[in-house]
Amino acid sequence: MYSKNLPPLLRECWNRLNCVFMERVKEVGLTPDQFTVLRWTHSVPRNTLSQSKLSKLMSTDQNNISALVKRMENLNLLDRKISMHDKRSKTINFTELGNLKYTKAKYIADNLEREILDEMVLSERKIFFRTLSKLSENIKGKLN
777 MYSKNLPPLL
787 RECWNRLNCV
797 FMERVKEVGL
807 TPDQFTVLRW
817 THSVPRNTLS
827 QSKLSKLMST
837 DQNNISALVK
847 RMENLNLLDR
857 KISMHDKRSK
867 TINFTELGNL
877 KYTKAKYIAD
887 NLEREILDEM
897 VLSERKIFFR
907 TLSKLSENIK
917 GKLN
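At position 9 of the sequence shown the residue is numbered 785 (the numbering used here), and the sequence of numbers has no breaks.
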């Protein structure tokens with residue numbers, strides 16, 4: 777059997793992956809968190825992503841997201857506009873510079889993922905992703 781429990785092993789894998797990604801994406805001028813925000817802005821229709829929704833998607837609190845979005849706006853990676861649906865809310869969108877940096881960083885991320893997964897044959901990858909998905913759904917069911 778394995779000598780490590782699930783939480784420390786997952787955390788160790790995540791930390792190592794994040795460190796390697798952080799080092800590689802540095803050349804683009806993004807942090808992993810900035811990349812994640814840009815990834816989410818690219819995965820939803822324009823003018824639909826609010827800070828509140830983003831904080832849920834990134835599993836972090838509103839204060840962290842607010843500060844991160846503000847920094848990214850100051851770097852011209854994002855812009856915020858008043859929501860068409862709720863005048864009290866603002867939507868977050870990527871800028872042209874944000875799109876350019878995201879495209880470069882995504883290339884790096886995709887290559888890193890391939891590099892890591894190359895250690896597994898296709899059948900192992902399928903089992904690995906199926907297992908992670910099951911774990912995620914099981915954990916999600918434990919919330920609240």
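Cβ atoms here follow ideal geometry from the backbone N, Cα and C, with glycine treated the same way.
Taking the alpha-carbon positions, what's the residue i to residue j distance?
i: K780; j: S865; result: 44 Å
i: R856; j: R822; result: 11 Å
i: E827; j: R906; result: In the sequence under discussion, the amino acid at residue 827 is Gln, which differs from the Glu named in the question. Going by the C-alpha atoms only, they are around 30 Å apart.
i: D837; j: M896; result: 35 Å
i: L911; j: N791; result: 19 Å
i: P784; j: S835; result: 19 Å
i: C795; j: L786; result: 14 Å
i: R890; j: E788; result: 19 Å
i: I858; j: E913; result: 34 Å
i: I903; j: N850; result: 42 Å
i: K846; j: M860; result: 20 Å
Which residues does DSSP list as the beta-bridge partners of residue i?
i: F870; result: L854
i: S826; result: T867
How about residue i and residue j: are their beta carbons less than 8 Å apart?
i: N731; j: L854; result: Absent from the structure is residue 731, since the part of the chain shown begins at 777 and ends at 920.
i: G805; j: K882; result: no
i: N887; j: T871; result: no
i: M798; j: T812; result: no
i: R901; j: L893; result: yes
Measuring alpha carbon to alpha carbon, tell me which of the options ends up nearest residue i.
i: T817; options: C795, I858, T867 and N794; result: T867
i: S842; options: D809, S819 and E900; result: D809
i: D862; options: L825, K902, L793 and E799; result: L825
i: T879; options: E891, K902 and V801; result: V801
i: I884; options: I858, L793 and K910; result: L793
i: R815; options: E803, S899 and G874; result: G874
Quick one: any contact between the region 909-919 and the region 825-843, if contact means 3 or more CB pairs under 8 Å? Counting Cβ pairs under 8 Å, fewer than three are found: no touch.
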